[in-house]
């Protein structure tokens, strides 16, 4: 029977240790890279594969956008039970008048009767979300793409009127409406600018109340209720934009704690004629209007009034014609 000496045992132990060390180093050499911030947020490696869908009004199907290899975006209707797909809009057909290439579908809304599609494209970020861009209407029967506006400037929050014949939107802090049959565009507010904001929100309303889209159609389509924010009393807070070769100062109306906020008004404008009524919000001007909309009928407007300390919320009901 063979016996092992002490020196033999030492040599065997050393050999086994080298084998284990080799395998450990080999395993380390094939490990995946460490998780980085770029891998999580910048690479798209962990992005969700969930489908962005919109349910049809009857709940029997949903619509979804799919991209072609060419980059065009097609809109499909998918049966919720059987999974059958129907092409509703071919992306290659979405070519604006006078253009050579189709626009892409980023967001979309159907008119109430389903005869038209409102398309949001070429979007630009405002603060936290992409809320500026260009809107077009696809007419299913005529198979043509209609620009909501042919005038320069980004549009925001475009919405069909309840009957689908008009589209209201915000541009440069004013509210506009376009007649889809004639293409005629009319301004419903005219005082919007650097200090006065109509139909959208200032920094405070977006940051604290998550409010961006700030106008509402009446159910009968005759009026539009909107927020009007006057930020004249807010001193500018300067940010340094270093995205270009030469940095530039960007003024932002940013109220510090205890200083003035924007003064808020709620206006109700008649689409035909442009007459505006102002809602009586009470004597206290240092308030927020956190939410607002028409009730079941066009004859009543509800809104919530919030005090500056945000510890009291009042529900108000107003007459849209008299305020």
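In my numbering, the protein residues as written are 5 to 327. Note that CB positions come from ideal geometry on N, CA and C, so glycine has one too.
{"query": "Endpoints, alpha helix (DSSP H) assigned at residue 207", "result": "207–213"}
{"query": "For residue 135 and residue 128, the rounded distance between their alpha carbons", "result": "6 Å"}
{"query": "Own chain residues within Cβ distance below 6 Å of residue 99, not counting five before or after", "result": "106"}
{"query": "Counted within 10 angstroms of its Cβ, other Cβ atoms place residue 147 as buried (16 or more) or exposed", "result": "exposed"}
{"query": "Residue span of the beta strand (DSSP E) that contains residue 314, given as start and end", "result": "That residue, residue 314, is in no beta strand (DSSP E); it is neither H nor E in DSSP."}
{"query": "Residue 271, enclosing beta strand (DSSP E) - first and last residue", "result": "267–274"}
{"query": "Residues bridged to residue 310 (per DSSP)", "result": "292 and 317"}
{"query": "For residue 43, the three-state DSSP class (helix, strand or coil)", "result": "helix"}
{"query": "Burial state of residue 209 (16 or more Cβ within 10 Å)", "result": "buried"}
{"query": "Residue 81 in three-state terms, based on DSSP", "result": "strand"}
{"query": "Separation of residue 229 from residue 184, as counted between CA atoms", "result": "21 Å"}
{"query": "Residue 283, buried or exposed, once every other Cβ within 10 Å from all chains shown has been counted against 16", "result": "buried"}
{"query": "Where the beta strand (DSSP E) containing residue 232 begins and where it ends", "result": "227–234"}
{"query": "Bridge-paired residues (DSSP) for residue 128", "result": "136"}
{"query": "The region 219–233 / the region 256–271 touching (three or more Cβ pairs under 8 Å)", "result": "yes"}
{"query": "Cα-Cα separation, residue 242 to residue 252", "result": "10 Å"}
{"query": "First and last residue of the uninterrupted beta strand (DSSP E) at residue 71", "result": "65–71"}
{"query": "Segment contact flag, the region 252–261 with the region 155–170, C-beta cutoff 8 Å, min 3 pairs", "result": "no"}
{"query": "DSSP state of residue 194 mapped onto helix, strand, coil", "result": "coil"}
{"query": "Contact under 9 Å by Cβ, residue 165 with residue 144", "result": "no"}
{"query": "Residue 175 in three-state terms, based on DSSP", "result": "strand"}
{"query": "Counted within 10 angstroms of its Cβ, other Cβ atoms place residue 85 as buried (16 or more) or exposed", "result": "exposed"}
{"query": "Own chain, CB closer than 8 Å to residue 44, minus 5 neighbours either side, in chain order", "result": "50"}
{"query": "Cβ shell of residue 109 (< 6 Å), same chain only, five flanking positions each side left out", "result": "69, 77 and 123"}
{"query": "Those residues which DSSP pairs with residue 181 across a bridge", "result": "172 and 190"}
{"query": "Proximity winner among 219, 326, 189 and 309, relative to residue 161 (alpha-carbon distances)", "result": "219"}
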